[in-house]
Amino acid sequence: GDSVTQMEGPVTLSEEAFLTINCTYTATGYPSLFWYVQYPGEGLQLLLKATKADDKGSNKGFEATYRKETTSFHLEKGSVQVSDSAVYFCALISGGYQKVTFGIGTKLQVIP
Amino acid sequence: KAGVTQTPRYLIKTRGQQVTLSCSPISGHRSVSWYQQTPGQGLQFLFEYFSETQRNKGNFPGRFSGRQFSNSRSEMNVSTLELGDSALYLCASSVDSLNQPQHFGDGTRLSIL
């Protein structure tokens, strides 16, 4: 079946550091890929998405590129802020949009 | 524009009981999906409803069921509760497809004693 693998963390970075959160997947066909973010005390919200190979999703300084050859969708940000502290979830939809699969979530903590 | 509203926020039940959770989607959204979030398993897809019909389903036992009303509001029911059902249950809505951005509610925290 479909699966999404990401490190659980926590990942601790200093402010202005470079961020990479790895996400790899297995899926049938050509899935759509998403990153969701959950800030402390809030619900999940969509951060960015990519629907086909080589697409780059971007939002709020974050970006991720759909790499079909490596089945990856790594999340990156050039300079993190304390306000980026949250849990980040990688997710995919496949099978004709019939099922959503989430990764375990990666907790990011940014310290001043 | 009001967001996705889930009620109640917290529930405490005992083993063997049943529970019903409610979700009101964003106005105009017709797709409602449900998820279970636990520390060990992460976020798992339960099912999706569209136009009052269950359109997609995850890998959960038949004790987990749901329905959707004509106004797109949805309810989820869990019967014969087990300790392992303790979790945060999240509802999300989108315009008409799982492939569109999901807008999540704050969830219902269910604790089984």
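Sequences listed follow chains A and B, in order. If you want the working numbering, it's the 1-based position in the first sequence plus 1190. If you want the working numbering, it's the 1-based position in the second sequence plus 66. Glycine included, every Cβ here is placed at the ideal spot set by N, Cα and C. As the structure is a prediction and not an experimental result, all values here were calculated from the model.
Beta carbon of residue i nearer than 8 angstroms to that of residue j
i	j	result
residue 1296 (chain A)	residue 1196 (chain A)	yes
residue 102 (chain B)	residue 110 (chain B)	yes
residue 1231 (chain A)	residue 173 (chain B)	no
residue 171 (chain B)	residue 71 (chain B)	yes
residue 116 (chain B)	residue 97 (chain B)	yes
residue 1282 (chain A)	residue 1194 (chain A)	yes
residue 1228 (chain A)	residue 1279 (chain A)	yes
residue 114 (chain B)	residue 131 (chain B)	no
residue 1284 (chain A)	residue 1199 (chain A)	no
residue 1252 (chain A)	residue 1213 (chain A)	no
residue 1258 (chain A)	residue 1243 (chain A)	yes
residue 94 (chain B)	residue 161 (chain B)	yes
residue 125 (chain B)	residue 164 (chain B)	no
Span of the beta strand (DSSP E), counted from its first residue to its last, around residue i
i	result
residue 1216 (chain A)	1213-1216
residue 1297 (chain A)	1296-1301
residue 101 (chain B)	97-104
residue 152 (chain B)	Segment: none, residue 152 (chain B) is in no beta strand (DSSP E) and carries neither H nor E.
residue 1243 (chain A)	Here residue 1243 (chain A) belongs to no beta strand (DSSP E), and DSSP marks it neither H nor E.
residue 140 (chain B)	140-144
residue 123 (chain B)	119-123
residue 1195 (chain A)	1193-1196
residue 1202 (chain A)	1201-1204
residue 164 (chain B)	No beta strand (DSSP E) contains residue 164 (chain B), which DSSP labels as neither H nor E.
Per DSSP, the bridge partner or partners of residue i
i	result
residue 169 (chain B)	B:159
residue 72 (chain B)	B:89
residue 1278 (chain A)	A:1227 and A:1296
residue 82 (chain B)	According to DSSP, residue 82 (chain B) bridges with nothing at all.
residue 109 (chain B)	B:103
residue 179 (chain B)	Per DSSP, none; premise fails for residue 179 (chain B).
residue 1256 (chain A)	Residue 1256 (chain A) is not bridged to any residue.
residue 134 (chain B)	B:140
residue 1290 (chain A)	A:1283
residue 116 (chain B)	B:97 and B:119
residue 1272 (chain A)	Paired residues: none, contrary to the question.
residue 1266 (chain A)	A:1210 and A:1253
residue 1139 (chain A)	One cannot answer for residue 1139 (chain A) here, as it falls past the ends of chain A, which runs 1191 to 1302.
residue 174 (chain B)	B:155
Neighbourhood of residue i by C-beta distance below 8 angstroms, restricted to the same chain and skipping five residues each side
i	result
residue 85 (chain B)	77, 79, 143, 144, 147 and 176
residue 1201 (chain A)	1209, 1211, 1296, 1297, 1298 and 1299
residue 82 (chain B)	146 and 147
residue 1301 (chain A)	1202, 1203, 1204, 1205 and 1272
residue 166 (chain B)	97 and 160
Residues near residue i in its chain [Cβ-Cβ closer than 6 angstroms; skip 5 each side]
i	result
residue 87 (chain B)	142, 155 and 174
residue 1269 (chain A)	1206
residue 118 (chain B)	134
Contacts around residue i, its chain only, beta-carbon distance under 7 angstroms, and the 5 residues preceding and following it disregarded
i	result
residue 1256 (chain A)	1223, 1240, 1242, 1243, 1244, 1245 and 1263
residue 1226 (chain A)	1234, 1235, 1236, 1237, 1279 and 1281
residue 1294 (chain A)	1196 and 1198
Stretch pair the region 128-141 of chain B + the region 1266-1278 of chain A: three plus CB contacts closer than 8 angstroms: no
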